[in-house]
Amino acid sequence: MLTDTALRHLKPKSKIYKASDRDGLCVTVSPSGTITFRYDYRLHGRRETLTIGRYGPGGISLAMARELLLEARKSVQAGISPALEKQREKRRVVASKTFGMAMEAWLTNARLADSTRAARKHIINRDILPAFQNRLLTEIHAEDLQALCNKVKERGAPATAVQIRDIVKQVYVYAIAHGEKVDNPANSVGAASIATFVPKDCALSPVEIRLFVQQMESVATYPTIKLALRLILLTLVRKSELIQATWDEVDFESKAWTIPTQRMKGRNPHVVYLSRQALDIFVTLHACAAGSRFVSARRTHS
């Protein structure tokens with residue numbers, strides 16, 4: 001029977017050789033001196049060998065090898081080949097996708113507005129990939145995601161923490177839909193477990209809107225900013241949609257402003273039909289644009 005002392009005194013020879021322990025356990029010694037635990041067994045009339053692991057620093061101990069031997073013998077008694085199972089597991093690991101690979105596939109194929117995609121990529125590169133990029137999809141669990149979200153929340157960014165959970169969930173939904181056999185860790189991490197928010201009631205009554213417009217005239221700011229605010233009230237577009245608007249989107253003859261798909265949260269261009277007041281504001285803004293291609297000529301990067 002092998003002992004640690006006996007193993008340490010095994011010397012390499014010109015050819016690989018074997019030293020036996022018990023219950024099918026043995027070691028092989030290579031010409032370079034590497035000692036490897038193996039399990040020789042018979043199953044369904046065939047002789048098979050399971051490589052258990054390398055002995056020594058960075059490998060496994062004799063005691064651990066005997067524990068692994070017990071597990072392997074149970075498999076053989078159940079009619080399962082531990083050697084074949086080990087090979088299958090290696091193939092599964094090689095075939096498995098890392099989170100970074102799945103993230104890239106999702107981000108490439110997700111139908112997102114350009115602004116949304118840019119915001120998602122910022123969160124992905126700053127917070128998600130440093131934690132999960134090189135881990136297999138099967139290696140990320142609910143507690144890992146919860147810990148990441150909590151860490152981001154603790155730095156004072158609860159909304160970002162919730163977005164991280166949502167992004168990870170979408171990546172797994174995409175991966176599962178494309179054949180990955182994994183559980184979605186985000187299913188066990190509720191948004192409310194990360195942060196809750198009190199809805200902000202920002203709607204103005206007609207009286208408040210009238211007062212806002214009246215008071216706006218007395219505010220010391222650029223006339224074009226006042227015109228832009230009036231235009232938002234008349235068209236009900238998002239602030240970013242007006243700030244990024246260019247003159248080629250405005251058709252003065254058709255009295256229409258077409259916001260392209262890449263700037264919309266939806267999947268189609270958005271056509272805003274202009275009232276007489278809105279069209280007059282566009283005419284005035286065009287005169288103030290001084291040749292800029294942007295409707296909002298005072299953009300900082302115009």
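The opening residue of the sequence shown carries number 1 in full-length UniProt numbering; numbering runs sequentially from there.
Each residue gets a CB set at the ideal place from its N, CA and C atoms; glycine is no exception.
Per-residue DSSP class, three states only, for residue i
i: Ser302; result: Low local confidence applies: a pLDDT of 39 at Ser302 is under 50, so the model's placement there is unreliable, with the coordinate-based value given in what follows. Ser302: coil per DSSP, three-state reduction.
i: Phe37; result: strand
i: Glu208; result: helix
i: Ala65; result: helix
i: Thr224; result: helix
i: Arg91; result: helix
i: Thr246; result: strand
i: Ile80; result: coil
i: Phe282; result: helix
i: Asp23; result: coil
i: Met1; result: coil
i: Val213; result: helix
i: Cys202; result: coil
i: Ala6; result: helix
i: Leu236; result: coil
i: Lys11; result: coil
i: Ala287; result: helix
i: Ser75; result: helix
i: Ser188; result: helix
Nearest-angstrom Cα separation, counted from residue j out to residue i
i: residue 328; j: Ala177; result: With the chain represented from 1 up to 302, any question about residue 328 goes unanswered, as that position is not in the structure.
i: Arg155; j: Leu84; result: 48 Å
i: Lys86; j: Ala110; result: 36 Å
i: Ser30; j: Lys11; result: 9 Å
i: Ile164; j: Val250; result: 37 Å
i: His141; j: Asp127; result: 17 Å
i: His9; j: Gln133; result: 44 Å
i: Gln262; j: Leu285; result: 23 Å
i: Asn150; j: Arg238; result: 31 Å
i: Ala159; j: Ile232; result: 26 Å
i: Arg46; j: Cys26; result: 18 Å
i: Gln215; j: Gln277; result: 19 Å
i: Glu71; j: Thr138; result: 23 Å
i: Val182; j: Thr108; result: 21 Å
i: Ala289; j: Ser296; result: 7 Å
i: Phe294; j: Phe282; result: 11 Å
i: Asp144; j: Asn268; result: 37 Å
i: Arg88; j: Leu69; result: 19 Å
i: Ala191; j: Leu242; result: 32 Å
i: Asp248; j: Tyr222; result: 24 Å
i: Ile35; j: Thr28; result: 6 Å
i: Phe212; j: Leu229; result: 10 Å
i: Asp23; j: Arg73; result: 9 Å
i: Asn125; j: Met103; result: 11 Å
i: Leu112; j: Ala245; result: 18 Å
i: Asp114; j: Trp106; result: 15 Å
i: Val271; j: Leu148; result: 41 Å
i: Ser81; j: Lys121; result: 45 Å
i: Leu136; j: Pro185; result: 13 Å
i: Ile123; j: Gln170; result: 14 Å
Identified DSSP bridge partners for residue i
i: Ile194; result: DSSP lists no partner for Ile194.
i: Arg54; result: Thr36
i: Tyr17; result: Val29
i: Glu48; result: Tyr41
i: His270; result: Ile259
i: Asp183; result: Its beta-bridge partners do not exist; DSSP assigns none.
i: Phe294; result: Thr246
i: Ile60; result: Tyr55
i: Asp251; result: Ala256
Cβ of residue i within 7 Å of any chain C Cβ
i: Ala102; result: The structure shown contains no chain C; it is built from a single protein chain.
Return the chain-ordered ranges of every alpha helix (DSSP H) run that is complete within the UniProt domain "Core-binding (CB)" (97–176) and spans a minimum of 4 residues.
99–109, 114–123, 129–132, 142–154
How do the region 63–78 and the region 34–42 stand: do at least 3 beta-carbon pairs fall below 8 Å, yes or no?
yes
Given 8 Å, three or more beta-carbon pairs between the region 12–19 and the region 45–65:
no
Are three or more beta carbon pairs between the region 167–186 and the region 99–109 nearer than 8 Å?
yes
Closer than 8 Å is the cut-off here; do at least three beta carbon pairs connect the region 200–213 with the region 72–79?
no
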